[in-house]
Amino acid sequence: MRTLRTVLAALVAALLVVGGLSTSAGAGSLPKRIIDEVPPKTKQVSYSAFKLKGTVMEPQVDGTLLPYANQKVKILKKKCGSCKWRTVKKVKTNDSGVFKTRIYAPDRGRWKWRSKVDHSNGYGNTKGKVWTLFFE
Numbered sequence: 000m001r002t003l004r005t006v007l008a009a010l011v012a013a014l015l016v017v018g019g020l021s022t023s024a025g026a027g028s029l030p031k032r033i034i035d036e037v038p039p040k041t042k043q044v045s046y047s048a049f050k051l052k053g054t055v056m057e058p059q060v061d062g063t064l065l066p067y068a069n070q071k072v073k074i075l076k077k078k079c080g081s082c083k084w085r086t087v088k089k090v091k092t093n094d095s096g097v098f099k100t101r102i103y104a105p106d107r108g109r110w111k112w113r114s115k116v117d118h119s120n121g122y123g124n125t126k127g128k129v130w131t132l133f134f135e
C-alpha cells in the first residue's frame with residue numbers, strides 16, 4: 000500500500016511539473032502591438048538626417064485599434080550585420096500613438112535602424128521594420 004501511494008505521489012508531482020512548464024511556455028505568445036512606419040528614405044531632412052515617423056496601435060479583442068498614447072518607443076541602431084542592437088533614443092508617442100524622430104546615415108558604411116516597444120499591459124515585445132541608411 001505504501002508503494003502504491005509513493006508511486007501515485009510521484010506521478011501526480013510529475014504531472015504538476017509538466018503542466019507548469021507547458022503554461023509558462025505559453026507566456027511568450029502574448030499579442031503584439033502594431034507599428035506602422037513611413038520609410039525614412041523618402042523624408043530626408045538634411046545631408047545625413049532622415050525623419051522616422053510611425054504609429055503604434057494596440058489591437059483589442061473586439062477588433063478595434065486603440066492608440067498607444069503617451070508611451071515610450073525605443074529607437075535601436077545596429078552598425079554591422081553581426082553587431083547587437085543598441086538603444087539610441089527613447090521617444091514618446093502623442094495622444095494618437097504617433098512618434099517622430101530623426102535618424103542618421105553614416106558617412107561610410109551602413110547603419111540599420113528599428114523601433115521597438117517593450118512588453119506591458121498584456122502585450123508582448125513588438126519590433127518595427129528594419130531600415131538601412133547609407134550613402135553611395
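Residues in the sequence shown are numbered consecutively from 0, following numbering that gives the first Met the number 0. Note that the Cβ used here is the ideal one computed from N, Cα and C, for glycine as well.
Item	Value
Cβ atoms of Trp112 and Lys40: under 9 angstroms apart, would you say?	no
Check Ser45 in the structure and name its three-state DSSP category.	coil
Suppose contacts are defined by Cβ-Cβ distances below 9 angstroms. Is Lys31 in contact with Lys42 by that definition?	no
Whole-angstrom Cβ separation of Lys71 and Lys89, contact assumed at under 8 angstroms?	5 angstroms
On the CB-based measure, 16 or more other CB atoms within 10 Å of its CB, does Val37 come out buried or exposed?	exposed
Let's test the definition: count the other Cβ atoms within 10 Å of the Cβ of Leu132 and tell me whether it reaches 16, buried, or not, exposed.	buried
Are there 16 or more other CB atoms within 10 angstroms of the CB of Glu57, so buried, or fewer, so exposed?	buried
Are His69 and Lys91 touching if we call contact CB-CB under 9 angstroms?	Sequence inspection shows Asn at residue 69; the His mentioned does not correspond to that position. Yes, the Cβ-Cβ distance between Asn69 and Lys91 is below 9 angstroms.
Under a three-way DSSP split, which group does Pro39 fall into?	helix
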